[in-house]
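Converting from the sequence shown to our numbering requires adding 41 to each position, the first position being numbered 1.
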Amino acid sequence: MRATATTDSDVRFMAQALALGRRGLGRTWPNPAVGAVIVRSDAPIIVGRGNTEAGGRPHAETQALARAGAAAAGATLYVSLEPCSHHGKTPPCADAIVMAGIARVVSALEDPNPEVAGRGHARLRAAGIAVEVGVGAAEACRVHAGHIRRVHDHRPHVTLKLAVSADGKAGLSGRRPAVISGEAVRAQVYLMRAVNDAILVGIGTVITDDPLLTCRLPGMAGRSPVRVVLDRSLRLPSASRLARSARDVPVWIVATETAPTAREQALRTLGIEVLRVAERAGRLDLARALGVLAERGITRLMVEGGPTVAAGLLTANLVDAAAVIRSPVEIGADGVDALEGLPLTALTESPRLALIDTQRAGLDRIDVFERN
Numbered sequence: 042m043r044a045t046a047t048t049d050s051d052v053r054f055m056a057q058a059l060a061l062g063r064r065g066l067g068r069t070w071p072n073p074a075v076g077a078v079i080v081r082s083d084a085p086i087i088v089g090r091g092n093t094e095a096g097g098r099p100h101a102e103t104q105a106l107a108r109a110g111a112a113a114a115g116a117t118l119y120v121s122l123e124p125c126s127h128h129g130k131t132p133p134c135a136d137a138i139v140m141a142g143i144a145r146v147v148s149a150l151e152d153p154n155p156e157v158a159g160r161g162h163a164r165l166r167a168a169g170i171a172v173e174v175g176v177g178a179a180e181a182c183r184v185h186a187g188h189i190r191r192v193h194d195h196r197p198h199v200t201l202k203l204a205v206s207a208d209g210k211a212g213l214s215g216r217r218p219a220v221i222s223g224e225a226v227r228a229q230v231y232l233m234r235a236v237n238d239a240i241l242v243g244i245g246t247v248i249t250d251d252p253l254l255t256c257r258l259p260g261m262a263g264r265s266p267v268r269v270v271l272d273r274s275l276r277l278p279s280a281s282r283l284a285r286s287a288r289d290v291p292v293w294i295v296a297t298e299t300a301p302t303a304r305e306q307a308l309r310t311l312g313i314e315v316l317r318v319a320e321r322a323g324r325l326d327l328a329r330a331l332g333v334l335a336e337r338g339i340t341r342l343m344v345e346g347g348p349t350v351a352a353g354l355l356t357a358n359l360v361d362a363a364a365v366i367r368s369p370v371e372i373g374a375d376g377v378d379a380l381e382g383l384p385l386t387a388l389t390e391s392p393r394l395a396l397i398d399t400q401r402a403g404l405d406r407i408d409v410f411e412r413n
């Protein structure tokens with residue numbers, strides 16, 4: 042239901058609200074990364090801006106209202122997701138909007154959270170505020186993909202990153218690591234990590250590569266995500282870089298219910314958290330593992346390795362987006378396939394995923410896929 046006609050200004054100001062919301066990606070979980078802009082229509086001029094702060098509060102709307110002050114009366118609020126209508130750890134944003142005297146609200150999406158689900162918009166309309174829903178909805182669905190996936194499917198939105206040689210390999214024979222992509226791509230990967238709540242790898246990748254999995258760009262160390270390892274038997278080496286840095290950046294291990302308790306206790310002394318899930322056919326139940334992460338508040342999950350984990354998620358239809366980094370480097374026929382037991386086309390030609398963008402990064406190419 043639309044209260045007024047959408048204008049070019051509506052599209053422009055909503056784009057600014059969405060841009061503000063994107064600043065919080067990877068930092069606001071378990072809450073969505075919302076952006077809000079308050080505009081006086083008589084100029085027009087922006088009098089207040091806000092985005093969800095780290096940890097999920099304060100909310101974007103209350104931030105923008107506080108900055109607008111008295112200028113909010115009679116103004117239009119642009120917000121990338123429906124204002125909340127329920128009492129949680131903070132009072133409802135819908136009530137604050139009404140009290141501030143906002144005359145019109147332009148909202149990109151209805152919040153799928155059953156505690157909201159249209160009630161915020163209804164409360165605003167009941168107070169006499171004109172409400173427009175749907176401006177910028179397509180982009181808002183991308184920004185809030187993690188929140189939407191967690192509510193609807195009880196798991197995080199999963200983005201798979203694969204670095205692939207020109208001949209479709211991910212490593213050298215014997216599962217030895219190989220430098221496939223260049224420096225320009227590494228910077229892109231660090232940025233991807235920064236906008237995800239958690240990053241996931243398998244224990245094989247940890248043992249082979251000893252990765253750190255942080256965001257190593259100047260000034261962005263604090264944007265490093267939670268590091269998650271699928272490690273059914275708790276084999277994570279205590280001397281690994283992940284284990285040694287667990288008190289600086291969180292490390293969670295997902296293990297089976299039968300993994301040794303003594304090993305769990307040893308890892309916990311290093312600051313590592315152990316989550317346990319059931320096995321399925323001798324492997325960790327991937328769907329349940331993602332469900333446990335969602336229960337802990339994770340909404341956006343980046344998967345970086347290795348071939349077994351990537352193939353398992355793809356086979357289980359648990360991949361929502363993918364970034365395939367294609368290098369001009371060749372490894373050779375004895376190299377490790379990018380997807381264990383599957384051709385690369387299982388991803389690149391999957392009917393579930395569509396190629397939406399291709400970017401260049403130095404000598405490498407990045408193909409970006411999204412779920413249809």
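Built from N, CA and C at the ideal position, the CB exists for glycine as well. Since the structure is predicted, the reported quantities are computational estimates derived from the model, not experimental observations.
How would you call residue 52, buried or exposed, if buried means at least 16 neighbouring beta carbons within 10 angstroms? With a 10 Å radius around the Cβ and a threshold of 16 neighbouring Cβ atoms, residue 52 comes out exposed.
Tell me which residue opens and which closes the beta strand (DSSP E) that residue 198 is part of. 198 to 205 is the extent of the beta strand (DSSP E) around residue 198.
Going by C-alpha distance, which of 56, 168, 126 is nearest residue 142? 168
For residue 259, tell me which candidate among 97, 286, 231 has the shortest Cα-Cα distance. Out of 97, 286, 231, 231 has the C-alpha closest to the C-alpha of residue 259.
Which runs of the beta strand (DSSP E) spanning at least 3 residues fall entirely within the stretch 252 to 277, listed in chain order? 267 to 271
Between 161, 150, 285, which lies nearest to residue 179 when the distance is taken from Cα to Cα? 150
Nearest candidate by alpha-carbon position, reference residue 286, set 295, 254, 296, 306: 254
As assigned by DSSP and simplified to three states, the class of residue 170: coil
Mind checking residue 404: buried by the 16 CB within 10 Å criterion, or exposed? Looking at its Cβ environment, which holds fewer than 16 other Cβ atoms inside 10 Å, residue 404 is exposed.
Could you tell me how far apart the beta carbons of residue 200 and residue 154 are, in whole angstroms, since I believe they sit closer than 8 Å? 22 Å between Cβ atoms; not a contact.
Can you tell which of 198, 283, 276 has its C-alpha closest to the C-alpha of residue 335? Residue 198 is the option with its Cα nearest to residue 335.
For residue 380 versus residue 351, is the C-beta spacing smaller than 7 Å? Closer than 7 Å, so yes.
For a quick check, are the C-beta atoms of residue 225 and residue 364 less than 7 Å apart? no
Relative to the C-alpha of residue 115, which residue among 100, 203, 133, 87 is closest? 87
Using the beta-carbon count (16 or more within 10 Å), is residue 443 buried or exposed? What the structure shows of the chain is the stretch from 42 to 413, and residue 443 is not part of that stretch, so it cannot be assessed.
Which runs of the beta strand (DSSP E) spanning at least 3 residues fall entirely within the stretch 288 to 363, listed in chain order? 292 to 297, 314 to 318, 341 to 346
Among residues of its own chain, excluding the 5 on either side of residue 189, which ones have a beta-carbon nearer than 8 Å to its beta-carbon? 153, 182, 198
Helix, strand or coil for residue 44 per DSSP? Low per-residue confidence applies at residue 44: pLDDT is 47, beneath 50, and the placement is therefore not dependable, though the value from the model is reported in the following sentence. Three-state result, residue 44: coil.
Pairing CB atoms from the stretch 265 to 274 with CB atoms from the stretch 286 to 298, are three or more of them under 8 Å? yes
Residue nearest to residue 210 in terms of C-alpha spacing, selected from 360, 369, 125, 239: It is 369 whose Cα lies nearest to the Cα of residue 210.
Going straight from the alpha carbon of residue 42 to that of residue 146, what length do you get? Confidence in residue 42 is poor, its pLDDT being 39 and thus under 50, which makes the residue's placement unreliable; the coordinate value appears in the next sentence. Distance between the alpha carbons of residue 42 and residue 146: 13 Å.
Could you give the residue range of the beta strand (DSSP E) that holds residue 411? 405 to 412
What's the C-alpha gap between residue 337 and residue 71? 8 Å
So, at 7 Å on beta carbons, what are the nonlocal neighbours of residue 127 in its own chain, with the 5 sequence-adjacent residues on each side left out? 133, 156, 157
I think residue 240 touches residue 345, with their Cβ atoms under 8 Å apart; what is that distance to the nearest whole Å? 6 Å
Rounded straight-line distance, which links the Cα of residue 203 to that of residue 367: Each residue's alpha carbon lies about 8 Å from the other.
Reference residue 80, options 98, 58, 68, 184, closest by Cα: Closest by C-alpha distance to residue 80, out of 98, 58, 68, 184, is 58.
Can you say whether residue 348 is buried or exposed, counting buried as having 16 or more other CB atoms within 10 angstroms of its CB? buried
By the three-class DSSP mapping on this structure, what secondary structure does residue 238 have? In the structure shown, the three-state DSSP call for residue 238 is coil.
What are the residues that DSSP puts in a beta bridge with residue 217? The bridge partners DSSP lists for residue 217 are 213.
I'd like to confirm something about residue 141: is its beta-carbon nearer than 6 Å to some heavy atom of the ligand HEM, or not? As for the ligand HEM, it is missing from this structure, which has no ligand bound.
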